[in-house]
Amino acid sequence: MKNYYVNKNAQSNGDHEVHTDDCKYLPIAANRKSLGEFSNCKPAVTEAKKTYSQSNGCITCCKDCHTT
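Residue numbers for the sequence shown follow the numbering used here, beginning at 1119 and rising by one.
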């Protein structure tokens, strides 16, 4: 199980990226929202979409949930 976070700031394409707590691209605390603890990225992205409908997995730490 890992802790997941969503970036409060959208990327240039409008995506709010979902990250694990050990990702090198994890935003600073002020710019992220905790999603909770999950066994993989899929339920974390689903949780993120409740706040930010355009959410996507980080290509580095959530590759299975990253879409282009």
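All C-beta atoms in this analysis are idealised placements derived from N, C-alpha and C, irrespective of residue type, glycine included. These figures come from a predicted structure and were not determined experimentally.
Nearest-angstrom Cα separation, counted from tyrosine 1170 out to proline 1161: 14 Å
Span separating the alpha-carbon of glycine 1132 from that of glutamine 1172: 7 Å
As assigned by DSSP and simplified to three states, the class of threonine 1138: strand
Element boundaries [beta strand (DSSP E), containing asparagine 1151]: Note on identity: in this sequence residue 1151 is lysine, with asparagine being the wrong assignment. Unbroken beta strand (DSSP E) run through lysine 1151: 1150-1156.
C-beta atoms of asparagine 1185 and glycine 1175 nearer than 9 Å: It is threonine, not asparagine, that sits at residue 1185 in the sequence shown. It is a contact, given that the beta carbons lie within the stated cut-off.
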